[in-house]
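Numbering (our numbering), first residue to last: 7 to 177.
Ideal Cβ placement from N, Cα and C applies to all residues, glycine included.
Here it is in structure tokens:
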């Protein structure tokens, strides 16, 4: 039996992105083990890394970091293919869709803070759609929107401020 050795050429940028992905996974896991006062309300601190990567490496790399974070975290937490995984993935996909469109907005008016708020709202919208369509197929889910919207606004603002500060320090 002959063994082949495959050499993968990596760059310094690849290593930076791998470290940032590992950081996002770690933050996601940390957030998962910290109890929340309201079920389903989490600050989304791993999204700070995704926004940072968006500004430093571009949309495609940010998308990879976000999706890898969801899959790796769910595997490490034993939630792969569970409703929690589906909610996390739907939130990430909706957030990435918002980032895809919002990144083309004028940077003069739309900063990391506004992108963070947009993605926080998109994230919760994606999750509430899945909850309504799959987990709780009842119109009563609509009554949750103000609570989650307020949480998205607060945590989106905080995460955006942190991202803006990190980008400023990195410049």
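Residue i, enclosing alpha helix (DSSP H) - first and last residue
i	result
residue 165	151 to 176
residue 140	Residue 140 -> no alpha helix (DSSP H), and no H or E assigned at all.
residue 9	First-last for residue 9: undefined, no H or E at that position.
residue 75	65 to 83
residue 107	89 to 108
Same chain only: Cβ atoms within 6 Å of residue i, ignoring 5 sequence neighbours per side
i	result
residue 104	124, 125 and 128
residue 38	83
Buried or exposed (CB count within 10 angstroms, at least 16 for buried), residue i
i	result
residue 154	buried
residue 75	buried
residue 10	exposed
residue 67	buried
Residues near residue i in its chain [Cβ-Cβ closer than 7 Å; skip 5 each side]
i	result
residue 118	57, 61, 166, 169, 170 and 173
CB contact check: residue i to chain D, cutoff 8 Å
i	result
residue 65	In the displayed structure, chain D is absent; only one protein chain is listed.
Query raised in the report: Which whole runs of the alpha helix (DSSP H) in the stretch 13 to 51 are 4 residues long or more, in chain order?
Result: For the stretch 13 to 51, the continuous alpha helix (DSSP H) assignments of 4+ residues that do not extend past its boundaries occur at 18 to 39, in sequence order.
Query raised in the report: Is it true that the stretch 159 to 177 meets the stretch 51 to 58, where meeting means three or more beta-carbon pairs spaced less than 8 Å apart?
Result: Output reads yes: the stretch 51 to 58 touches the stretch 159 to 177.
Query - Given 8 Å, three or more beta-carbon pairs between the stretch 55 to 74 and the stretch 19 to 27 - result: With a cut-off of 8 Å, the stretch 19 to 27 and the stretch 55 to 74 count as touching, because enough Cβ pairs lie within range.
Requested in this report: Check whether the stretch 30 to 45 touches the stretch 70 to 89, counting contact only when three or more Cβ pairs, one atom from each stretch, lie closer than 8 Å.
Outcome: The stretch 30 to 45 and the stretch 70 to 89 touch, with no fewer than 3 CB-CB distances between them shorter than 8 Å.
Report task. Kindly confirm or deny that the stretch 86 to 97 and the stretch 129 to 141 touch, where touching means at least three C-beta pairs closer than 8 Å. Result -> Enough Cβ pairs lie closer than 8 Å, so yes.
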